[in-house]
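Everything on this sheet refers to the single structure shown next.
Number of protein chains: 2
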Amino acid sequence: MSGETLRVVGQRVRKVDGIELVTGRAKFAGDLVFPGMVYGYAARASVPAARIKGIDVSAAEMSDGVLLALRGGDIPGPNIIGILPPFDQPILATEVIRYVGESIALVVAESREAARRAARLVKADLEPLAPILTIDEALAEGARAIHPKGNVTCANRLVKGDVEQGFAGADVVVEGTYETSHQEHGYLEPEAVCAVPSADGRMTVYASCQSPFHLRGHIAANLGVPASSVRVVQAYTGGSFGGKDDVATEIGSLAAVAARRLDRPVRIAHEREESIIGSNLRHASRIHVATAAKKDGTILARRIRVLLDGGAYASESPFVTVKALVHVAGPYRVPNLLVESTSVYTNKTYSGACRGFGVPQSTFASESNIDELARKLGIDPLALRRKNALKAGDANATGQTYPASVGIVQTIDAIEARRGALPPLPGNDGRWRYGRGVACLLQGISNGAEGVDVVGASVQVSQDGSALVGVGLTDIGQGARTVSAQIVSEILGIPLPRVTVRSVDTDSVHDSGPTVASRNTTVGGQAVKMAAMEVRKSLVGMAARMFKVEGPLVDLRDGFAVLTVDAAARIPLSDVATAAYWTGYPLMNLAFSKAPDASFDHETHQGSVYIAYNYGTHLLDVRVDTRTGAVEVLRHLACHDVGKAINPLGLEGQIEGGSLFGFGLAHLEEVLFRDGRIVNANFADYALPSIKDRLPTEAMTVEDPNPTGPYGAKGVGEPPVAGAAAAFANAVADATGIRFHRLPISRQEILLALKANEGKG
Amino acid sequence: MSGETLRVVGQRVRKVDGIELVTGRAKFAGDLVFPGMVYGYAARASVPAARIKGIDVSAAEMSDGVLLALRGGDIPGPNIIGILPPFDQPILATEVIRYVGESIALVVAESREAARRAARLVKADLEPLAPILTIDEALAEGARAIHPKGNVTCANRLVKGDVEQGFAGADVVVEGTYETSHQEHGYLEPEAVCAVPSADGRMTVYASCQSPFHLRGHIAANLGVPASSVRVVQAYTGGSFGGKDDVATEIGSLAAVAARRLDRPVRIAHEREESIIGSNLRHASRIHVATAAKKDGTILARRIRVLLDGGAYASESPFVTVKALVHVAGPYRVPNLLVESTSVYTNKTYSGACRGFGVPQSTFASESNIDELARKLGIDPLALRRKNALKAGDANATGQTYPASVGIVQTIDAIEARRGALPPLPGNDGRWRYGRGVACLLQGISNGAEGVDVVGASVQVSQDGSALVGVGLTDIGQGARTVSAQIVSEILGIPLPRVTVRSVDTDSVHDSGPTVASRNTTVGGQAVKMAAMEVRKSLVGMAARMFKVEGPLVDLRDGFAVLTVDAAARIPLSDVATAAYWTGYPLMNLAFSKAPDASFDHETHQGSVYIAYNYGTHLLDVRVDTRTGAVEVLRHLACHDVGKAINPLGLEGQIEGGSLFGFGLAHLEEVLFRDGRIVNANFADYALPSIKDRLPTEAMTVEDPNPTGPYGAKGVGEPPVAGAAAAFANAVADATGIRFHRLPISRQEILLALKANEGKG
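In order, the protein sequences belong to chains Z and C. The opening position of the first sequence corresponds to residue 22 in the numbering used here, with each subsequent residue numbered one higher. The opening position of the second sequence corresponds to residue 22 in the numbering used here, with each subsequent residue numbered one higher.
Put into structure tokens, the structure is as follows:
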């Protein structure tokens, strides 16, 4: 790390944990076995709304192999789940049932089969209530209140400029209402935890989870013990996408309470159906957008109303609502802006964090509307976007300006350049309709003003010159370990195979909050960098003493300390580290990284919100099969301003995976409710994209360095979802000439619309 | 912690892990079970010296249930054990056998019984060598070299003043040769480890051990992997006393190699016989002391030669030799001093660290000699010692001076005052002889100039205001966890039940070197204090913001932040910690404590050696049963200058336990060799003190604060051993009129001596 030349950062590196993952050697929480381990299985509500008069577990307790049946009253602590306020959700419902699938008891038995069998014997004495299943029912005058404070989970307003004046001066106004359905995360590994009691009164919970520190806090609270007596260790986590937060606190707490009661290890591992009905979904949305513009395409004002269906409990609705509020106007200069964003309770499986966190829904609505504006004005959709795109120094929706790393124009230019070189799309023929869509987006990186952005990381160099890295944010498949390893390798000159990045262990690093908001590389990487830089001081200091030179003449690279002025003069890092240890230099550092303070006015949501935004432009060519309604993606260009690609290989994987996630949302996936019950809670009926649906995504990057990220990096885990989904919708509209106002734009919807259009035509 | 008043430090506190230990709930390494775990058992040499022509494991491999048999060549790395240079000891002997009990192969089987059975089938093809079994044989002209470099493991000289001149001016010279035998540590729990491979290529070793970082380094080296891929977690350790260092690296490495080969967890747990024959003992010694004095008792010079029998391998002989060198002149002003200290190899079980580390042997020799001087000069033994005792500012044996915390005179004065108030000893009668002995001692605290004194500690406060503490030194029964908990409780105002101190995990703290040299409280406590003080800054800073006052007006106590000017104004620490987290204050700190640099001239051993010494004076009254030779201790006063007693209850336990250790050395214990074979390798034949032998020890403390220790504390784990053993010898001499020159002064030796004396009388 000579300051200018990067040796490891920026290289295409295979995932450091790739081998064990692809060979199946990696042990997930559901694979862990402990002596004497027993199994928990939840009894769940089968109606969407009811008052609980009693829950009878006596038959379950008598069932073969059953050791214990827990009801809500058996939880020593407050019986709550969730990672963020308002904490309105019980682990085991005691008074009211609010969705089908809500846990009402936990049965623990010697085998999972025995527990499952006994769970069916739990009897709930219920007084049914009329379920509230839609946003409209929830907001209806006189509607029954699902929670004591009513059916509005949260409602926020963003006010910038004078929206009335903006509309008054417009040459054209385009408006529409856009809807999206609930989406399931669909990770390969359903939720799982193992709680292992130890004789010293502590409880260790191995969990497939996203936010181990929240988990620790909840487990301790529900056990009624100090947090210091609970340790959470992240097991390999087979995907999370926002889905393993609240539910992990539910099953983690239940397993821990049962383990303490029985003094035996307890595993709870969800089956797919439990995973779908019993953990959060992506919010369904209905978003009304009105855009006022001049003839030349200049946007004057937007008026937007976001309605989110949050299901039975708040989960992360308060934050998703704000995220949508802040993002729905898109990466554009909108001088006059009024956004209202509201989330409501319904008697359905609760919605919460899901990759993109309100931005995919918002982007679909906004970008569909922008496309309609372009069509109305007869302006090229990319040109219209470019005309309005934010530049460094421009005030965004919350009035925040950035001096740098506002790369939306560069991504548009990159896509435009590529577009110019493409052959024209084929003309429509009898069966096939061809179309091209583009979409722009932005996605805030970091918890931002919604929370606090602190991360801890530790770097320890052993006397043999190998490095051990710990960080408080989780690798949930996104490649975070690899990025951490690269940063440490870069700074300490230790070859990658000698850098070990371990999974999160709450005992060992600072509470780093949740692994969300694409902040792992940006905020977490910064902490890793800080810790490594401190250890570097020791190694460089020792090597300088050994070389008898000043520190600045020493560099660390390829496992050696070298003289910058004479690369042939080198000392193995193992010798340097050993000497440093015996001389008393610290070889371990625990760094604490805090992002710059962020805040906004809670009335207008004007203020500094995120440390940075990722910007992107997608272009997507499709052909629509008029016989089947199937849409084939012929070309997909996904260009993101990532600040700096630390591992281009991993980054491309994130863009490809995120885009496919967006494609699923846009074309295939829909959680179907009937009378409040999910009827496709399995992967036969729920159309998750499969390997056959893999998009021909071509990941492109713009590197406009982010001053607040390590080496200029910005996160990229979430943004592609929104870009791909919105571009898909615009491409289908281009191909079919029909504007679809609801996702997914499924085969069936397309066929119906084509048929209806034919009628018109 | 208001600066003046201590609330928790200095209180008599029960061990924080006492309940699980006394109830048997604590899980030791030998109790741990992992799925698929298999068992290792070593085949051992049955002759003390031989050249190995071959080792045949084929029959063992064919035995029922056997999975693997390892020989030295199967170790991927260098096949070495030991925690300190010169690393001359193989894990599995490949060329030469140097002691009976040396491991030559490891058999791993599905059950421990199967492994044990198969280990007997390992056949060694040996060419016998003549064993060298005594110091004299080892040093004899032309003796066979046990190691290539000869039979002298190490030899050191300490030169201060002009010893010839000192002797020339003397009124009286007293000299004698004093010997001690090998001693077994005799911990309740024999050595045990479990090595657990994980799919990510890492290896976790749960070990009953004293120095987890050394263990990690050796296991990694022997596995041939980076240290970062090995994690050592200390299991509850049922005593160590210096005994679980080298051997832990032996069985830890073997278990890890086998676990990697089989990809299954491997446990190796020693039986008592293996523990005695296969791990280090205390060095036997022969020490010649000559003391020159004036008539008034002023010591002018001492000339001392220390010979240590280190057995087959170096282990920690180099350091034990230096420790004896530095300590053997006692806590006295000796202006002219020449000490030679040599350790030799013999074909016996190797000797290494054992509670006191050369000081008990040295103190027995020195204090016996001082007693003889007192008798010769007709001066009261305490008065003679007081006359020569070091004071602050005096140069000690290595020429080092201390400005403070040199409390030997205070301990003598305290003992003298108590003695003055005692009734006179009964007169001898037909069966019983009564006697009183005193002894003074000093014991260096910290690794000192022999190593480097660095310790890492971490303190983490959760949002609920509980604290988790980690430290790099081990609790091996001495109560270290409790001391750490008290320090954190004191500084953060968190009640003790909400402070959790976890066992050492090499992943989580800085390499802290070995847990030796009574340095846990002194050096380790300092690190814990530093880490807690950093977290205190955050809590006080946050509380001050909440109170809207300046930081100095805030104190933390009893689970609250309080205003110093108005104790009624208080905020629960959980509220303060939660607010601090969400405001972005760091709530975890990893401190690195380094003792002041120490060094000496390697020719003369003059220099600064230890950060502090513990000083002590013991008084011991006995009656000797002339019929059986048994010695009954009637009274035992043990007064130590401890700087500051952090937990007086634990400290008294250390003084009582250490004294009993010394009593065993002095009266009961002897490892008996016949033809190089230990013939009493079990607790039926080896006379470990039992509960019935518990001494009537009255622990007394002098608190002369040590500027380098937390709250002025100095360690006390080792010093009482030397004091009790030496005072015992002097008491028996006083009772019988016979000076015994060898420990143990067993019943048999006493009877023989009394008989011989009768003959003379």
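Cβ coordinates follow ideal geometry from the N, Cα and C atoms, glycine included.
Compute the Euclidean distance between the alpha carbons of residue i and residue j, then round it to the nearest angstrom.
| i | j | result |
| --- | --- | --- |
| V37(Z) | T503(Z) | 5 Å |
| G238(Z) | G57(Z) | 26 Å |
| P741(C) | G637(C) | 8 Å |
| L709(C) | S505(Z) | 53 Å |
| G93(Z) | R282(Z) | 14 Å |
| L686(Z) | G163(Z) | 33 Å |
| T198(Z) | R307(Z) | 7 Å |
| L321(Z) | N100(Z) | 50 Å |
| T155(Z) | R523(C) | 50 Å |
Which class does residue i belong to by DSSP, given the choice of helix, strand or coil?
| i | result |
| --- | --- |
| S635(C) | In the sequence as presented, Ser is not what sits at residue 635(C); that position holds Asn. N635(C): strand per DSSP, three-state reduction. |
| H657(C) | strand |
| R92(C) | coil |
| S767(C) | coil |
| V504(C) | helix |
| G332(Z) | coil |
| Y423(C) | coil |
List the residues of chain C whose Cβ lies closer than 8 Å to the Cβ of residue i, in chain order.
| i | result |
| --- | --- |
| R285(Z) | Going along chain C, no residue has its Cβ under 8 Å from R285(Z), so there is no contact; the nearest lies around 13 Å. |
| S479(Z) | S529 and L611 |
| V3(Z) | Nothing about residue 3(Z) can be read from this structure; chain Z reaches only from 22 to 782. |
Does residue i have its Cβ less than 8 Å from a Cβ in chain C?
| i | result |
| --- | --- |
| M609(Z) | yes |
| S483(Z) | yes |
| D576(Z) | no |
| E41(Z) | yes |
| R523(Z) | yes |
| R452(Z) | no |
| V54(Z) | yes |
| S711(Z) | no |
| Y602(Z) | yes |
| P247(Z) | yes |
What are the residues that DSSP puts in a beta bridge with residue i?
| i | result |
| --- | --- |
| F581(Z) | R578(Z) and P593(Z) |
| W453(Z) | D646(Z) |
| H309(Z) | T198(Z) and R326(Z) |
| F621(C) | G628(C) |
| K615(C) | V475(C) |
| E82(Z) | In DSSP, E82(Z) forms no bridge with anything. |
| A720(Z) | A659(Z) |
| E673(C) | Beta-bridge pairing links E673(C) to no other residue. |
Check whether chain Z comes within 8 Å of residue i, counting only Cβ atoms and requiring the distance to be less than that.
| i | result |
| --- | --- |
| L489(C) | yes |
| S529(C) | yes |
| K36(C) | no |
| G605(C) | yes |
| K550(C) | no |
| K344(C) | no |
| D532(C) | yes |
Using the beta-carbon of each residue, which ones in chain Z are nearer than 8 Å to residue i?
| i | result |
| --- | --- |
| K48(C) | S219 and A220 |
What does residue i reach in chain C if we use C-beta pairs closer than 9 Å?
| i | result |
| --- | --- |
| G238(Z) | S483, Q484 and D485 |
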